[in-house]
Amino acid sequence: MGQWIDLETAHGPIRAWQARPDDSAGKPAAGLVVVQEIFGVTAHIRDVADRFARDAGYAVLAPSLFDPVEPGVELPYDPSGAARGMELRSALGFDRAVDLVHAAARRLQDDHLKVGVVGYCWGGSVAFLCNTRLGLPAVSYYGARSVPFLDERARAPMMFHFGEFDGSTPPADIALHREKQPGATIHLYPANHGFNRDASPDIHDPASAELALQRTLTFFAHALR
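Residue 160 in numbering that gives the first Met the number 0 is what sits at position 161 of the sequence shown, and the numbering runs on without skipping anything.
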């Protein structure tokens with residue numbers, strides 16, 4: 000149901016996947032920026048964006064964050080894809096990633112919509128920084144790279160989802176989130192890293208993914224009302 004559009008940013012034009020609710024539904028409930036994993040705006044991320052639009056009535060943009068470094072990246076969910084994704088993540092950096100999300104948020108705000116951010120994996124840490132630096136309500140799914148930034152103050156409602164068996168976010172790191180971000184809502188699931196990614200059957204946990212989605216929708220229904 001979505002389509003690629005061009006998005007102007009401070010770092011040049013990039014692509015963004017745009018998904019909107021059916022016209023018959025009236026004005027969108029609000030705007031959401033979906034922030035990719037290190038694998039790019041893959042079919043899975045596009046499906047996530049489409050679902051938020053179709054099932055919850057949001058106007059959604061999923062910016063292709065690696066475009067300033069390498070346009071059109073869609074990597075496989077395997078060790079080679081992960082290794083290349085980590086290289087691109089490092090080349091882009093968090094500051095530029097937040098700038099690109101900001102451009103997507105402004106595009107949605109131009110339609111007079113309140114805007115939130117939801118991110119997955121590396122994108123979960125970007126989503127957290129969009130809260131502390133841009134003041135946008137945010138949901139972070141298993142963002143393992145947030146720890147160095149936890150002293151940054153949340154400026155809007157914040158929710159974190161973590162997998163209990165995720166080696167990239169050990170119990171000490173989750174405890175640090177609770178300590179440093181006392182105003183945030185933190186949920187722990189009997190699942191591994193990437194439990195929302197149905198494109199990876201070895202780690203996908205449908206029950207945890209569905210519960211996290213319902214909590215996310217409830218969170219944004221309140222934060223963006």
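Every residue gets a Cβ at the ideal spot worked out from N, C-alpha and C, and that includes glycine.
Q) From what residue to what residue does the beta strand (DSSP E) around H160 run? A) Counting from 1 along the sequence shown, the entry for residue 160 is found at position 161. 157 to 162 is the extent of the beta strand (DSSP E) around H160.
Q | Reference A246, options R152, E163, R154, closest by Cα | A | No statement about residue 246 is possible, as the shown extent of the chain runs from 0 to 224 and does not include it.
Bridge partner(s) assigned by DSSP for V34: To locate residue 34, count along the sequence shown from 1; it is residue 35. DSSP lists G118 as partners of V34.
Cβ-based burial, H192 [other Cβ within 10 Å; buried from 16]: By 1-based counting over the sequence shown, the position of residue 192 is 193. Counting Cβ neighbours within 10 Å, H192 comes out buried, since at least 16 surround it.
Starting from the C-beta of L236, find all residues in its chain whose C-beta is less than 7 Å away, skip the five residues before and the five after it, and write them out in chain order.
Outside the shown range of the chain, which is 0 to 224, sits residue 236, and nothing can be said about it.
- Task: Determine which residues share a DSSP beta bridge with Q14 and list them.
- Result: What you label residue 14 is simply residue 15 of the sequence shown in a count that begins at 1. In the sequence as presented, Gln is not what sits at residue 14; that position holds Arg. BP columns for R14 point to D5.
Problem set entry | Sub-8 Å separation of F161 and L128 beta-carbons | Stepping through the sequence shown from its first residue, residue 161 is reached at position 162. Stepping through the sequence shown from its first residue, residue 128 is reached at position 129. No, they are not a contact pair.
Taking E69 and C120 to be in contact with their CB atoms under 8 Å, please state how far apart those CB atoms are, rounded to whole angstroms. Taking the first residue of the sequence shown as position 1, residue 69 is located at position 70. Taking the first residue of the sequence shown as position 1, residue 120 is located at position 121. 18 Å between Cβ atoms; not a contact.
Smallest Cα separation from E7: which of D98, I185, E178? Position 8 of the sequence shown holds residue 7. The candidate whose alpha carbon is nearest that of E7 is D98.
Go ahead and label S79 buried or exposed: buried means 16 or more other beta carbons lie within 10 angstroms of its beta carbon, across all protein chains shown. The sequence position of residue 79 within the sequence shown is 80, counting from 1. Counting Cβ neighbours within 10 Å, S79 comes out exposed, since fewer than 16 surround it.
Best match in V34, S199, P67 for proximity to R60 [C-alpha to C-alpha]
Taking the first residue of the sequence shown as 1, we reach residue 60 at position 61. As written in the sequence, residue 60 is Leu, which differs from the Arg given in the question. Looking only at V34, S199, P67, the smallest Cα-Cα distance to L60 is reached by V34.
Q. Are T215 and V138 touching if we call contact CB-CB under 8 Å?
A. Counting from 1 along the sequence shown, the entry for residue 215 is found at position 216. Counting from 1 along the sequence shown, the entry for residue 138 is found at position 139. Cβ distance < 8 Å, so T215 and V138 count as in contact.
* So does the region 201 to 209 actually touch the region 43 to 50, counting three or more Cβ pairs closer than 8 Å? -> no
### Query
Which of the three DSSP states, helix, strand or coil, is assigned to H186?
Position 187 of the sequence shown, counted from the start, is the residue given in the question as residue 186. Reduced to three states, the DSSP call for H186 is strand.
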